[in-house]
């Protein structure tokens with residue numbers, strides 16, 4: 000005959016094994032986050048992303064566009080999401096990510112009707128002329144800083160003007176090119192004075 004304490008120990012062990020098995024199988028489900036976008040269409044992602052952008056929720060829009068592009072990487076809606084995400088990065092003060100997104104769009108869709116906008120956005124992200132009162136009062140001169148991004152902006156703007164001379168962004172781009180040429184010339188003069 001078995002000792003009652005041995006039976007209790009066996010029951011306790013089996014109860015523990017059973018409890019562990021139940022926890023193991025249900026534990027994975029507990030840790031999973033419910034994805035509220037699981038059944039969304041590409042159109043819905045785009046609509047939500049654009050509403051987030053309209054309300055100034057740049058981070059939310061970026062996240063929405065990442066999900067859209069992860070699930071629907073091709074097609075007209077994906078192309079729009081790529082452009083919109085570049086703009087959202089720009090508005091969220093992330094110039095490196097703006098340039099990367101614009102470059103990706105330009106490489107993937109060189110004949111897209113809005114590729115001129117990608118060049119324009121890339122130029123804006125690379126160099127934005129100082130326009131604040133503080134900049135002018137403090138004597139800030141962009142020619143005294145790293146000139147690499149200014150040159151890259153010049154190339155992006157030149158590409159826009161040469162490929163799309165009638166673009167709606169062309170007039171502003173021409174003004175920006177004149178400003179950039181002056182910055183580059185001032186930089187060269189400063190370098191010549193230094194040496």
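Residue numbers (the working numbering): 0 to 194.
Don't be surprised by glycine CBs; every beta carbon is placed ideally from N, CA and C.
Values in this document were obtained by computation on a predicted structure and should not be read as measured data.
I'd like to know whether the C-beta atoms of residue 163 and residue 115 end up nearer to each other than 8 Å.
As a working note, residue 163 is residue 164 in the chain shown. As a working note, residue 115 is residue 116 in the chain shown. Their beta carbons are under 8 Å apart, which means residue 163 touches residue 115 by this criterion.
Buried or exposed: where does residue 188 fall if 16 or more other Cβ atoms within 10 Å of its Cβ makes it buried?
Residue mapping note: residue 188 aligns to position 189 of the chain shown, counting from 1. Under this definition residue 188 is an exposed residue.
Do you know how far the Cα of residue 178 is from the Cα of residue 131?
As a working mapping, residue 131 is identified with position 132 in the chain shown. As a working mapping, residue 178 is identified with position 179 in the chain shown. Below a pLDDT of 50, predicted positions are generally treated as unreliable, and residue 131, at 46, falls in that range; the measurement from the model is reported next regardless. Going by the C-alpha atoms only, they are around 16 Å apart.
Nearest-angstrom Cα distance between residue 158 and residue 60?
Residue 158 sits at position 159 when you count from the first residue of the chain shown. Residue 60 sits at position 61 when you count from the first residue of the chain shown. Rounded to whole angstroms, residue 158 to residue 60 spans 28 Å at the Cα level.
Helix, strand or coil: how does DSSP classify residue 103 here?
Within the chain shown, the letter at position 104 stands for residue 103. Residue 103: helix per DSSP, three-state reduction.
Excluding five sequence neighbours on each side, which residues of the same chain lie with their C-beta closer than 7 Å to the C-beta of residue 82?
Here residue 82 is taken as the residue at index 83 of the chain shown, counted from 1. Hits under 7 Å: 104, 113, 116, 117.
Give every residue of the same chain whose Cβ lies closer than 6 Å to the Cβ of residue 135, excluding the five residues on either side of it in the sequence, and list them in chain order.
Reading the chain shown from its first residue, position 136 is the one you call residue 135. Any reading at residue 135 needs caution, since the residue's pLDDT is 49, under 50, leaving its predicted position unreliable; the model's value is listed next. Closer than 6 Å at the Cβ level, and outside the excluded window around residue 135, lies no residue.
To which residues of the same chain is residue 66 closer than 7 Å at the C-beta, ignoring the five residues directly before and after it?
Within the chain shown, residue 66 is the residue found at index 67, counting from 1. For residue 66, where only same-chain residues beyond five positions count, the Cβ hits under 7 Å are 36, 44.
Quick one: what's got a C-beta closer than 6 Å to residue 57's C-beta in the same chain, skipping five residues either side?
Counting from one through the chain shown, the residue named residue 57 turns up at place 58. Counting only Cβ-Cβ distances below 6 Å, and skipping sequence neighbours, we find 87, 90, 91.
DSSP three-state label for residue 167, please.
Translated into positions along the chain shown, residue 167 becomes position 168. Residue state, collapsed to three classes: coil.
With 16 other CB atoms within 10 Å as the buried threshold, where does residue 167 fall?
The sequence position of residue 167 within the chain shown is 168, counting from 1. That one is exposed.
Exposed or buried, what is residue 174 when buried is set at 16 or more other beta-carbons lying within 10 Å of its beta-carbon?
In the chain shown, residue 174 corresponds to position 175, counting from 1. Its Cβ having fewer than 16 others within 10 Å, residue 174 is exposed.
With DSSP run on the structure shown, which of helix, strand or coil describes residue 146?
Position 147 of the chain shown, counting from 1, holds the residue named residue 146. Here residue 146 sits in coil by DSSP.
Can you look up residue 46 in the DSSP assignment and give me helix, strand or coil?
Position 47 of the chain shown, counted from the first residue, corresponds to residue 46. Residue 46 falls in the helix class under three-state DSSP.
For residue 68 and residue 123, I'd like the C-alpha separation in whole angstroms.
Position 69 of the chain shown, counted from the start, is the residue given in the question as residue 68. Position 124 of the chain shown, counted from the start, is the residue given in the question as residue 123. Taking the straight line from one Cα to the other gives about 24 Å.
Using three-state DSSP, classify residue 161 as helix, strand or coil.
Against the chain shown, residue 161 aligns to sequence position 162. Helix at residue 161.
Short check: CB of residue 183 to CB of residue 149, under 8 Å?
Locating residue 183 in the chain shown gives position 184, where the first residue counts as 1. Locating residue 149 in the chain shown gives position 150, where the first residue counts as 1. Yes, these two residues count as a Cβ contact at 8 Å.
Return the residue from the list 70, 185, 100, 52 that minimises the CA-CA distance to residue 38.
As a working mapping, residue 38 is identified with position 39 in the chain shown. When only C-alpha atoms are compared, the closest one is 70.
What residue range is occupied by the uninterrupted alpha helix (DSSP H) comprising residue 116?
Residue numbering aside, residue 116 sits at position 117 when the chain shown is read from its first letter. Note, residue 116: alpha helix (DSSP H), 114-125.
Is the separation between the beta-carbon of residue 125 and that of residue 94 shorter than 8 Å?
In the chain shown, the residue the question calls residue 125 occupies position 126. In the chain shown, the residue the question calls residue 94 occupies position 95. The answer is yes: Cβ separation under 8 Å.
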